[in-house]
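As they're listed, the protein sequences go chains D and A. Counting in the numbering used here, the first sequence runs from 575 upward without gaps. Counting in the numbering used here, the second sequence runs from 575 upward without gaps. Worksheet: the structure to be examined is printed underneath.
There are 2 protein chains.
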Amino acid sequence: MTIAEVAKRYGLTTDTLRYYERVGLLPVIGRTASGIRNYTESDCEWVSYIKCMRSAGVSVETLVEYVRLFRQGPETLARRKQLLIEQRRQIAGRIESLTEVLRRLDKKLDGFEADLARYEENLK
Amino acid sequence: MTIAEVAKRYGLTTDTLRYYERVGLLPVIGRTASGIRNYTESDCEWVSYIKCMRSAGVSVETLVEYVRLFRQGPETLARRKQLLIEQRRQIAGRIESLTEVLRRLDKKLDGFEADLARYEENLK
DNA sequence: ACTTGACTTAGAGCGGGCTTTAAGTGGTAC
DNA sequence: GTACCACTTAAAGCCCGCTCTAAGTCAAGT
């Protein structure tokens with residue numbers, strides 16, 4: 575699979591995919607005889623995972639660390655699990671705080687109904 | 575209330591507060607005779623609102639627009655309400671997508687239990 | 001043989017959101 | 001009066017995460 579195909583499949587640009595590989599956020603992708611990246615299905619799964627975690631705001635740095643541990647093999651399983659648990663905790667926290675904001679916005683919107691009604695009453 | 579007090583109260587730096595004011599994200603804060611910012615309670619409410627929205631990822635630009643409309647008076651009430659509704663929609667979407675990510679992470683963590691158990695079995 | 005177009009690299013550039021710097025003023029403590 | 005510290009401004013700088021540029025290679029089509 576070429577970089578362009580992978581980019582299209584996951585809605586990333588080829589620049590971003592090369593950037594991710596360069597900083598160690600993806601495994602080094604195999605090349606054809608002429609040096610062109612050839613993504614395997616397993617590479618694609620990494621792309622999918624990374625895209626998902628980035629969309630949730632997990633930093634490039636954190637994900638690089640995860641990939642680094644993965645490359646070291648099964649003796650890092652426990653630490654990787656800890657990393658995931660920590661990421662999970664952070665995302666759950668983020669959801670909670672966003673839910674708070676939502677509540678606040680809803681209250682504010684309630685106030686708007688009243689203000690707006692009053693304002694339109696005065697216009698008459 | 576001085577800028578330092580407000581900064582402490584809301585967990586922002588004085589730099590950030592000045593920056594917010596400069597770009598139009600807060601009303602222009604009144605000054606004492608010698609030119610020192612003097613925050614009113616109403617200013618503080620703005621700080622609180624802005625901090626809340628920024629924490630939810632609403633862009634500075636969007637918030638500036640909201641503040642701009644507010645300053646124009648009650649004839650912009652309807653448009654401000656529309657802005658808030660749009661912000662609400664985006665935040666709700668964000669919560670949904672984070673919830674998705676959480677589910678995915680949980681699945682991955684399930685896999686880890688199995689892998690880890692298998693690995694430790696092999697160590698024996 | 002030549003054009004086209006997708007790929008390659010290293011490295012520079014960009015946008016958002018602060019954050020720091022430089023240079024200066026004002027008010028209180030000794 | 002002078003040391004000190006919090007405040008002021010305009011402008012430059014920084015970090016993250018891409019994004020773009022320049023210069024070049026390769027393979028297929030005509």
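Beta carbons are placed, not taken as given, at the ideal position from N, Cα and C, and that holds for glycine. These numbers come from a predicted model, not from an experiment.
- For the set R663(A), E639(A), L679(A), T636(A), the Cα lying nearest the Cα of K655(D) is the one of L679(A).
- The beta carbons of V597(A) and V638(A) sit closer together than 8 Å.
- For the pair L697(D) and L599(D), the Cα-to-Cα distance works out to about 59 Å.
- Taking 9 Å as the upper bound on Cβ-Cβ separation, chain A lies near residues T673, E674, V675, L676, R678, L679, D680, K682, L683, F686, E687, D689 of the region 673-689 of chain D.
- Just measuring C-alpha positions, the residue of F686(D), S671(D), A652(D), L672(D) sitting nearest Y693(A) is A652(D).
- For a Cβ distance threshold of 9 Å, nothing in chain A lies close to A578(D): the least Cβ distance comes to about 26 Å.
- Of the candidates L657(D), Q664(D), P648(D), P648(D) places its Cα closest to the Cα of A691(A).
- The straight-line gap separating the alpha-carbon atoms of P601(D) and A578(A) is approximately 47 Å.
- Within the same chain, Y584 come within 8 Å of S622(A) by CB-CB distance, once the 5 residues on both sides are set aside.
- Scanning L658(A), R663(A), F686(A) for the CA closest to the CA of L683(D) turns up L658(A).
- The criterion of a C-beta distance shorter than 8 Å is satisfied by V675(D) and C626(A).
- For R668(D), at least one C-beta of chain A is nearer than 8 Å to its own C-beta.
- Residues of the region 637-653 of chain A whose Cβ lies closer than 7 Å to any Cβ of chain D, in chain order: P648, L651, A652.
- In this chain, A630(A) is not harboured by any alpha helix (DSSP H), its DSSP state being neither H nor E.
- Bounds of the alpha helix (DSSP H) holding G667(D) are 651-697.
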